[in-house]
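If you read the sequences in order, they're chains A and B.
Heads up: the first sequence at position 87 corresponds to 298 in the working numbering, and the numbers run straight through without jumps.
Heads up: the second sequence at position 308 corresponds to 519 in the working numbering, and the numbers run straight through without jumps.
Working notes for the structure below.
Protein chains: 2
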Amino acid sequence: MTYRLPPLSSLRAFEAAARHLSFKDAAAELSVTPTAISHQIRGLEEYLDFPLFKRLTRALELTHEGRAMLPKVREGLECFAAAIESTRQVVFGGRLVVTSPPAFAARWLIRHLPEFNAAHPEIRLRMATSLDTIDTADAAHVSGLSRVDVRDDKTETFIRYGNGHYDGCRVDRLFAPAYTAVCSPLLLKGMRPLNVPSDLRRHNLLHHEVDSELDQPALATWDQWLQVAGVTGITADGGTQISDPGLLLSAAIDGVGVALASKQLIEAEVLAGRLVMPFDIVIRPAQAYYLVVPEAVAERTVVTAFRRWLLKEAAKVREG
Amino acid sequence: MTYRLPPLSSLRAFEAAARHLSFKDAAAELSVTPTAISHQIRGLEEYLDFPLFKRLTRALELTHEGRAMLPKVREGLECFAAAIESTRQVVFGGRLVVTSPPAFAARWLIRHLPEFNAAHPEIRLRMATSLDTIDTADAAHVSGLSRVDVRDDKTETFIRYGNGHYDGCRVDRLFAPAYTAVCSPLLLKGMRPLNVPSDLRRHNLLHHEVDSELDQPALATWDQWLQVAGVTGITADGGTQISDPGLLLSAAIDGVGVALASKQLIEAEVLAGRLVMPFDIVIRPAQAYYLVVPEAVAERTVVTAFRRWLLKEAAKVREG
DNA sequence: CCGACGCGTGAAAAAATCTCACTTATATGA
DNA sequence: TCATATAAGTGAGATTTTTTCACGCGTCGG
């Protein structure tokens, strides 16, 4: 069985044009210019040796022939889509749970997930957050990772903030947060200048309030940043203490003061103009974000697909 | 409904490769090199993010995934083929009868028809021959052309040899035969030389015997050719008289003598080395072959498709 | 052990596809 | 009515995709 067919891309153009009854709209759908569609259709008509559209002013109409051809062409495209979709379902299909630190989930993962969903619509992904994914100060102890039910359809993976040593797991370093000072752009236009780090003297510093009882991780502190910036004489215990990191960032956005935040996690706010980074001084804690996958599920295709995608995304962040 | 699909050509390559279980054979089917298939498949696998084939030494095997994907891909291609075929059936479908002079049918049309069939498999074409398609010497009288039943599914067209004036018909000139001397290549290697036209003295001339009762058309004669060639003193009434033109050519092929034949109609014999044209001297009668279509059917798509194709083929002959 | 065979690779060539700048035709509305 | 905007068409040139070429690898069969 050998198929005698025109360039298949022209059939795709035909289907889109016939559906929209507009070269312009079809072009938009296929992300090309209307001219491209025009050429494709013309080529197809030439190949077939009969016209598919009646070109009226400002409107297209299918010819008798075009109308006759459309359903089967559409069916063909649907077959292709179905072939791929169902096979992806076979290969990758299933559920995947990603548990990560709340800030990472809220400020980074959730913004990038739509892309993953587009690339892998057949993977039903559930995001979960847990403070347990943040290594405690004395580190190395990892709980819960080994208790994965291997038969479970819901494969679970973790993104952890910590030192990268997790027994019985495949570990990939994503990136280390780069903490820098951030504030509302309005603050820069205010009366008090903020040109050099020492100007911070006259500003309200927003601190992450560490609950000592929780044995909190080694978060970046203003003390550390000010030291790197070479600023002395600022009492780090001044300013506002806020326990919730999300609330802290909101405060910075609202112009309440200057916060320390990870460059990578506030990308969206900076792009949107809600936050600015007045100084190019960053501190990097020894800890980083890691993708941690229990060995038992590491070979599952859902996991490898997610891992491959996540590492690619993380690489962009590292470079950018 | 917007389809998210890989380059469709790669699906075609996949189907062919999967069917043959060989890149090489698939390449042959699609008239490309095996490398091209290799690249296409690789690209598709990259797009899909899973392998379609297991590459063994000297043999391919479909992966689980490839096997899962194949049926729907095939179905898609079949849909496309069906879409086009059925629409062509709607547009062009039907029967077409082409009546032409016997020699034209046997020596030219029949060799070119397979191409038309390939281009228009939906048109069932019947070849007919009739001496009536050759204008009689007193010309202008055309019989039978007007008596076409317009409702008839069997649309009839004619190829006529004559002067080109046919009332009530669309007429296109195809080409005028160019008569030249032809003989078997063996004759040239024989003892009697055939380097210049006057050498024909020593050869047997094969004549088309004209049946005077039939009011035969103005065929080219040796008298005319010898005059153009500037040869005198050959008695044209010598040589062998043969009444059937096919038989006459057979005789030439068998080395019986030298015949006068139309360059265009003996192309195949020359290419096959059964005949040679020792001299580049041709005579062109005033008559030519014409495509003659009764007005009543001239607008039918079967006719326009045939006409377009035939004129293109005839143009090649005129140039070549 | 050698040569033929089938597939793979990367760079270069060829072909297709797309875009750009400009045109046409006509409907809209000031 | 006439300028304006819209959708499509054209042909040349740019771009991207596809194909080829030259060569490499592993192995099967004599």
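Using N, Cα and C, we set each Cβ at its ideal position, and we do this for glycine too.
Q. Beta carbon of S233/B, beta carbon of G254/B: below 8 Å?
A. no
Q | Contacts around L299/A, its chain only, beta-carbon distance under 6 Å, and the 5 residues preceding and following it disregarded | A | Rather than Leu, the amino acid found at residue 299/A in this sequence is Arg. Correct list, in chain order: E333.
Q: Run down chain B in chain order and give the residues with a C-beta less than 9 Å from the C-beta of A293/A.
A: K283, E286, G287
(Q) Cutting at 6 Å between CB atoms, please list the residues of its own chain near S357/A, excluding the five before and the five after it. (A) Note that S357/A scores 49 on pLDDT, short of 50, meaning its location in the model is unreliable and no value can be drawn from it.
Q. Among residues of its own chain, excluding the 5 on either side of S354/B, which ones have a beta-carbon nearer than 6 Å to its beta-carbon?
A. With a pLDDT of only 49 at S354/B, under the threshold of 50, the placement of this residue in the model should not be trusted; the figure read from the coordinates follows. Nothing listed; no residue qualifies.
Q | Local conformation of S221/B per DSSP, three classes | A | helix
**Q.** Simplified DSSP assignment, three categories, for M280/B
**A.** helix
Q: With a threshold of 16 other CB atoms inside 10 Å of the CB of S311/B, please say whether the residue is buried or exposed.
A: buried
(Q) Just list the residues that DSSP pairs S383/A with in beta bridges. (A) According to the sequence shown, residue 383/A is Asp rather than Ser. D383/A pairs with L502/A.
Q. Whose Cβ in chain A lies nearer than 7 Å to the Cβ of T213/B?
A. E240
Q) How would you call H352/B, buried or exposed, if buried means at least 16 neighbouring beta carbons within 10 angstroms? A) The predicted model places H352/B with a pLDDT of 49, which falls under 50 and marks its position as unreliable, so this point remains unresolved.
**Q.** Close Cβ partners of P496/A (< 8 Å) along its chain, the five nearest in sequence each way excluded
**A.** A387, P388, Y390, A429, L430, A431
Q) At a Cβ cut of 9 Å, what residues of the region 215-238 of chain A count as close to chain B, listed as they run along the chain? A) R215, L216, P217, P218, L219, S220, L222, R223, E226, A227, R230
**Q.** Beta-carbon proximity of R371/A to V503/A, cut-off 8 Å
**A.** yes
Q. Using the beta-carbon of each residue, which ones in chain B are nearer than 7 Å to D260/A?
A. For a Cβ distance threshold of 7 Å, residue set A516 of chain B lies close to D260/A, ordered along the chain.
Q) Where does the unbroken beta strand (DSSP E) through H418/A begin, and where does it stop? A) 416-419
Q.
Can you tell me whether S297/A is helix, strand or coil according to DSSP?
A. Helix at S297/A.
Q: Can you tell me which of the three DSSP states S395/B falls into?
A: Assignment of S395/B by DSSP, reduced to helix, strand and coil, places it in the coil class.
Q) Going by other Cβ atoms of all chains shown within 10 Å of its Cβ, with 16 needed for buried, is P456/B buried or exposed? A) buried
**Q.** Integer-rounded CB distance, given that C394/A should sit under 8 Å from A463/A
**A.** 6 Å
Q: Could you spell out where the alpha helix (DSSP H) holding T246/A opens and where it closes?
A: 245-259
Q. Identify the residues that DSSP records as bridge partners of G373/A: which are they?
A. A499/A
Q. Who are the near neighbours of Q476/B in its chain, counting only those whose CB is closer than 6 Å to its CB and skipping five residues on each side?
A. For clarity, residue 476/B is Leu in the given sequence; the question names Gln instead. Taken in chain order, the residues that qualify are R318, W319.
Q. In terms of residues, what are the limits of the beta strand (DSSP E) holding A472/A?
A. 469-473
Q. Nearest to F369/B by alpha carbon, out of S461/B, Y500/B, A470/B?
A. Y500/B
Q) Among A470/A, V243/A, I321/A, which residue has its Cα nearest to the Cα of F490/A? A) A470/A
Q. At a CB-CB cut-off below 7 Å, which residues of chain B make contact with T298/A?
A. Within 7 Å Cβ-Cβ: E276, A279, M280.
Q | Cβ-based burial, I321/A [other Cβ within 10 Å; buried from 16] | A | exposed
Q.
Let me check one thing: in DSSP terms, what residues is Q435/B bridge-paired to?
A. In the DSSP output, where bridge partners are listed per residue, Q435/B has none listed.
Q. V243/A touches chain B at which residues, Cβ-Cβ below 8 Å?
A. In chain order: nothing, as chain B lies at least about 13 Å away.
Q: Starting from I453/A, follow the beta strand (DSSP E) in both directions and report where the run begins and ends.
A: It spans 451-453 - the beta strand (DSSP E) in which I453/A sits, taken as one unbroken run.
**Q.** Minimum Cβ-Cβ distance from R511/A to chain B less than 8 Å
**A.** no
Q. Which residues bound the beta strand (DSSP E) around S311/A?
A. 305-311
Q) Just curious, the beta strand (DSSP E) that F264/B is in, first and last residue? A) 264-267
Q | Beta-ladder partner(s) of T368/B, from DSSP | A | V309/B
Q. Which residues of chain A have a Cβ atom closer than 9 Å to the Cβ of V487/B, listed in chain order?
A. Chain A residues near V487/B: none, gap ~38 Å exceeds 9 Å.
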